[in-house]
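Each remark here refers to the structure printed beneath this line.
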């Protein structure tokens with residue numbers, strides 16, 4: 065028995081040595097599939113663990129109270145409201161803050177840097193605070209002695225993106241000079257999203273953390289706060305405390321949210337979960353490519369041994385024993401692939417760890433070796449080649465011995481033989497021009513397997529490029545809507561509500577370089593319908609004759625009554641034009657702003673993909689108790705004045721909180737996608753490498769199997785370049801088929817991924833898109849890589865022993 069086992073091992077090892085190049089390539093394909101599965105899948109677990117540890121390290125709040133835009137109360141008011149609720153004794157830590165938008169001038173010798181941002185006033189000892197601690201990335205922390213001084217810690221991702229030093233000076237709105245003594249962030253700024261309605265990213269949004277007294281002095285809100293964060297004792301019913309606190313601050317217009325409501329917190333965890341699904345998709349696609357390649361190779365190896373199997377069956381050897389030899393080959397390929405796959409997965413993990421830590425700087429990064437994931441990958445790597453071996457073995461052993469031994473038995477489909485013969489399909493040109501097409505047609509199963517392997521790899525590449533196309537197309541749609549009229553206009557946010565005829569507003573409207581200024585309103589609210597809620601940022605503008613108005617049904621909106629919602633918001637709420645929705649919004653009263661709910665009709669649906677954007681006509685300003693008031697100016701530069709110069713002019717004006725270009729979303733998308741380039745390019749390289757390996761395997765197998773055909777052509781004087789051209793043409797046809805299938809499957813993958821992505825960033829309505837450039841590039845690369853693979857076999861053709869190849873031994 066031992067001797068028999070040794071014989072089978074030696075025999076299978078001989079098979080491996082005879083096709084060592086093909087076996088090595090196939091093992092690499094298996095290694096890529098299992099390595100990608102292990103390396104990419106582990107990154108999602110790293111993210112979840114790192115998120116948990118980072119939030120715990122900085123003691124993120126359990127609940128947060130926010131006053132509406134422009135609403136402030138005396139310091140101590142919000143803390144008292146929290147502590148006097150029935151469960152106030154369960155509050156373990158509180159922090160009152162002042163969070164105010166501003167404009168930040170961080171210009172350097174390298175160029176101007178003028179961006180919107182916000183000042184976050186907090187405890188000067190916040191680095192060790194009991195809630196929402198400030199993590200210091202570089203420099204020094206805030207000290208009690210800094211209270212009241214124009215001193216801050218600058219958000220570190222903005223500093224890194226802009227190449228700013230660890231310490232320096234900044235200028236805020238109103239020409240206020242601030243010194244920053246370090247860089248860092250709090251839990252709410254692990255990722256930068258900007259204020260509601262903004263999508264500016266870390267490069268376009270600056271946050272300054274200052275002592276509370278300093279923030280009050282910088283913003284002119286002496287003794288005022290508008291934000292409270294708190295932590296609860298373990299075991300406290302958070303939902304009950306949130307309900308009680310909501311009732312306590314309702315008269316102040318405050319809203320109460322919990323940790324999971326924080327957009328950054330939600331995005332980080334949902335993104336990690338979405339990444340897991342996305343990486344699994346890429347890994348499965350690559351594994352499918354490996355499976356098709358393995359099936360193709362083993363099938364052709366067994367077909368080459370068909371006569372040997374037939375002789376064995378004729379001699380009475382049991383089929384089970386005959387199956388051992390090819391099965392051992394499959395097992396050996398699997399073991400080689402798995403061993404190499406562990407190395408590929410480890411390298412992939414290193415690359416992902418480097419990319420993730422740069423993409424998302426967290427105070428704690430945990431990246432342990434993912435034993436479970438690598439075990440799954442190893443099992444998959446073992447199973448795929450073995451299953452790929454079992455199927456063709458079963459097919460071969462079901463033949464009658466006489467059929468297996470017969471030389472004319474090719475195993476090709478009858479339809480394929482008819483097509484290849486020319487009786488059903490007549491091809492123009494000389495015979496050697498027809499051979500590549502006939503070779504593709506006469507073995508349809510083999511052609512389809514190879515094409516499917518290529519298609520699986522191309523699908524993963526198209527999914528990567530399609531995600532980029534979708535994001536860019538979304539930004540273009542937003543820009544097309546926003547820049548339809550007066551594309552160079554600016555949105556000037558004021559630091560409070562002012563009468564439209566006030567000196568501050570008149571001074572801004574008459575500033576040098578201002579061609580036209582329109583007094584508008586911007587307020588946040590929540591729209592509800594059919595049990596769904598959507599947070600919106602409502603601009604109250606002149607829809608008829610104003611500087612700019614959104615489009616409805618392809619035409620500029622008119623001053624019809626009703627709320628104009630985005631297509632995304634309307635779909636999420638399940639409403640149409642004319643339906644009534646519940647609109648929770650602030651109303652100015654004698655004591656300040658308070659939140660009320662009003663039933664309003666949907667007046668129209670605009671096409672901007674940003675869900676948060678909504679509009680009302682100025683005639684409906686009474687809804688907020690703010691007729692004649694403004695906190696937003698829409699400004700158009702005068703003739704000859706550039707947008708940047710006007711932004712600089714308005715930056716130093718009193719009452720200005722921020723000045724932003726109306727079209728900033730596409731630039732933010734570009735900046736954000738730049739950070740993902742490393743990961744996406746890595747996946748593209750893996751996909752192209754897999755396509756090349758599959759194509760090389762196919763070309764090598766064809767060269768081996770058609771050795772006698774090629775020798776015959778050489779014997780009749782056909783030059784090597786003609787034979788090589790035939791092989792290139794055949795591969796190119798298979799590459800075209802596989803790439804076309806990959807494009808179709810790739811679009812479906814993009815559509816599925818976009819649907820998953822909508823749960824992570826619901827405020828951006830995206831539609832799966834494949835650009836013409838992506839389609840053309842993919843077709844060109846797919847056909848080129850597969851088509852040129854036979855060039856790698858040219859040395860074998862040159863070394864061919866023609867007499868030996870023509871010799872037939874029966």
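Numbering (this note's numbering), first residue to last: 65 to 874. Glycine included, C-beta positions come from ideal geometry on N, C-alpha and C.
Taking one C-beta from the region 587-595 and one from the region 742-756 each time, how about it: are there three or more such pairs within less than 8 Å?
Counting C-beta pairs with one atom in each stretch, the region 587-595 and the region 742-756 have fewer than three that are closer than 8 Å, which means they do not touch.
With three or more C-beta pairs closer than 8 Å as the rule, is the region 753-765 touching the region 419-428?
In this structure the region 419-428 does not touch the region 753-765; the number of beta carbon pairs closer than 8 Å is below three.
Thinking just about the alpha-carbon of each residue, which of 640, 622, 570, 609 is nearest to the one in residue 594?
As a first step, residue 594 is located in the chain shown; it is residue number 530 there, counting from the start. Among 640, 622, 570, 609, the Cα nearest to that of residue 594 is on 640.
When the Cα of residue 551 is compared with those of 612, 601, 578, which residue comes out closest?
Within the chain shown, residue 551 is the residue found at index 487, counting from 1. Comparing alpha-carbon positions, the option among 612, 601, 578 lying closest to residue 551 turns out to be 612.
Residue 629 to residue 651, Cα distance in whole Å?
Locating residue 629 in the chain shown gives position 565, counting from the first residue. Locating residue 651 in the chain shown gives position 587, counting from the first residue. Roughly 20 Å separates the two Cα atoms.
Quick one: what's got a C-beta closer than 6 Å to residue 130's C-beta in the same chain, skipping five residues either side?
In the chain shown, the residue the question calls residue 130 occupies position 66. These residues qualify, in order along the chain: 291, 319.
For residue 786 and residue 267, what's the separation of their Cα atoms in angstroms?
Sequence index remark: in the chain shown, residue 786 carries index 722 (1-based). Sequence index remark: in the chain shown, residue 267 carries index 203 (1-based). Going from the Cα of residue 786 to the Cα of residue 267 covers about 56 Å.
Please report the straight-line C-alpha distance between residue 615 and residue 668, rounded to a whole angstrom.
As a position in the chain shown, residue 615 is number 551, starting the count at 1. As a position in the chain shown, residue 668 is number 604, starting the count at 1. Whole-angstrom Cα-Cα distance: 9 Å.
Which partner residues does residue 169 have in the DSSP bridge list?
Residue mapping note: residue 169 aligns to position 105 of the chain shown, counting from 1. In DSSP, residue 169 forms a bridge with 178, 235.
Determine the burial state of residue 84: buried for a count of at least 16 other Cβ atoms within 10 Å of its Cβ, exposed for fewer.
Indexing the chain shown from 1 puts residue 84 at position 20. With fewer than 16 Cβ atoms within 10 Å of its Cβ, residue 84 is classed as exposed.
Is residue 827 closer than 8 Å to residue 674 when the C-beta atoms are compared?
Your numbering for residue 674 matches position 610 in the chain shown. Your numbering for residue 827 matches position 763 in the chain shown. In contact: residue 674 and residue 827 (Cβ atoms closer than 8 Å).
So, at 8 Å on beta carbons, what are the nonlocal neighbours of residue 788 in its own chain, with the 5 sequence-adjacent residues on each side left out?
Looking up residue 788 in the chain shown gives position 724. Same-chain partners within the cutoff: 854, 855, 858, 861.
Excluding the 5 residues preceding and the 5 following residue 835 in the sequence, name in chain order all residues of the same chain whose CB lies nearer than 6 Å to its CB.
By one-based count along the chain shown, residue 835 stands at place 771. So the list reads 533, once near-sequence residues are dropped.
For residue 868 and residue 843, I'd like the C-alpha separation in whole angstroms.
Position 804 of the chain shown, counted from the start, is the residue given in the question as residue 868. Position 779 of the chain shown, counted from the start, is the residue given in the question as residue 843. Residue 868 and residue 843: Cα-Cα distance of roughly 40 Å.
For residue 304, count neighbouring C-beta atoms within 10 Å of its own C-beta (all shown protein chains included) and say buried if the count is 16 or more, exposed if not.
Translated into positions along the chain shown, residue 304 becomes position 240. Residue 304 is exposed by the Cβ-count criterion.
For residue 125, which option in 691, 91, 108, 160 has the closest C-alpha, if you only look at C-alpha atoms?
Working through the chain shown from its first residue, we reach residue 125 at position 61. Looking from the CA of residue 125, the closest CA among 691, 91, 108, 160 belongs to 160.
Measuring CB to CB, does residue 633 end up less than 8 Å from residue 604?
Locating residue 633 in the chain shown gives position 569, counting from the first residue. Locating residue 604 in the chain shown gives position 540, counting from the first residue. No, Cβ-Cβ distance for residue 633 and residue 604 is not below 8 Å.
List, from N- to C-terminal side, the beta strand (DSSP E) runs of 3 residues or more that fit wholly inside the region 101-140.
127-130
Could you give the distance in angstroms between the alpha-carbon of residue 727 and the alpha-carbon of residue 582?
As a first step, residue 727 is located in the chain shown; it is residue number 663 there, counting from the start. As a first step, residue 582 is located in the chain shown; it is residue number 518 there, counting from the start. If you take the alpha carbons of residue 727 and residue 582, they lie about 17 Å apart.
Where does residue 464 land, buried or exposed, given buried means 16+ other C-beta within 10 angstroms?
Position 400 of the chain shown, counted from the first residue, corresponds to residue 464. Label assigned to residue 464: exposed.
Look up residue 510 in the DSSP assignment and say whether it is helix, strand or coil.
By 1-based counting over the chain shown, the position of residue 510 is 446. Residue 510: helix per DSSP, three-state reduction.
Skipping 5 residues on each side, what residues in its chain have a beta carbon closer than 6 Å to that of residue 250?
What you label residue 250 is simply residue 186 of the chain shown in a count that begins at 1. Within the same chain, residue 250 has close Cβ partners 196, 198.
Does the region 168-176 come close enough to the region 221-241 to have 3 or more Cβ pairs within less than 8 Å?
yes
Okay, do the region 95-104 and the region 399-416 touch, 3+ Cβ pairs below 8 Å being the bar?
yes
In whole angstroms, what is the alpha-carbon distance linking residue 476 and residue 511?
To locate residue 476, count along the chain shown from 1; it is residue 412. To locate residue 511, count along the chain shown from 1; it is residue 447. In this prediction, residue 476 scores a pLDDT of 48, lower than 50, which makes its location untrustworthy; no coordinate-derived value is stated.
Count the other CB atoms within 10 Å of the CB of residue 527; is the residue buried (16 or more) or exposed (fewer)?
The residue labelled residue 527 in the question sits at position 463 within the chain shown. Residue 527 should be labelled buried.
Taking buried to mean at least 16 other C-beta atoms within 10 Å of its own C-beta, is residue 466 buried or exposed?
Start at 1 with the first residue of the chain shown, and residue 466 comes out as number 402. Within 10 angstroms of the beta-carbon of residue 466 lie fewer than 16 other beta-carbons, which makes it exposed.
From residue 562 to residue 697, what does the alpha carbon distance come to, in whole angstroms?
Against the chain shown, residue 562 aligns to sequence position 498. Against the chain shown, residue 697 aligns to sequence position 633. Distance between the alpha carbons of residue 562 and residue 697 is about 11 Å.
Quick check for students: name the residue ranges of the alpha helix (DSSP H) that lie wholly in the region 375-451, counting only runs of 4 or more.
Annotation: the region 375-451 contains the following complete segments of the alpha helix (DSSP H) (minimum length 4 residues), in chain order: 383-386, 388-423.
Determine contact between the region 83-97 and the region 296-316, defined as no fewer than three beta-carbon pairs at a distance below 8 Å.
no
With 16 other CB atoms within 10 Å as the buried threshold, where does residue 354 fall?
To locate residue 354, count along the chain shown from 1; it is residue 290. By the neighbour-count rule (16 or more Cβ atoms within 10 Å), residue 354 is buried.
Rounded to whole angstroms, what is the Cα-Cα separation between residue 571 and residue 684?
Here residue 571 corresponds to residue number 507 of the chain shown, with the count starting at 1. Here residue 684 corresponds to residue number 620 of the chain shown, with the count starting at 1. The alpha-carbon atoms of residue 571 and residue 684 are separated by roughly 26 Å.
Within 8 Å of any Cβ in chain D, is that where the Cβ of residue 692 sits?
Reference to chain D is not applicable here, since this structure consists of a single protein chain.
Measure from the alpha carbon of residue 866 to the alpha carbon of each residue in 812, 776, 796, then state which is nearest.
Here residue 866 is taken as the residue at index 802 of the chain shown, counted from 1. The candidate whose alpha carbon is nearest that of residue 866 is 776.
What do you reckon, are the CB atoms on residue 205 and residue 152 nearer than 8 Å?
Taking the chain shown and counting its residues from 1, the one referred to as residue 205 is at position 141. Taking the chain shown and counting its residues from 1, the one referred to as residue 152 is at position 88. No, the pair does not count as a contact, with Cβ atoms beyond the cut-off.
Give me the DSSP bridge partner(s) of residue 669.
Start at 1 with the first residue of the chain shown, and residue 669 comes out as number 605. BP columns for residue 669 point to 629.
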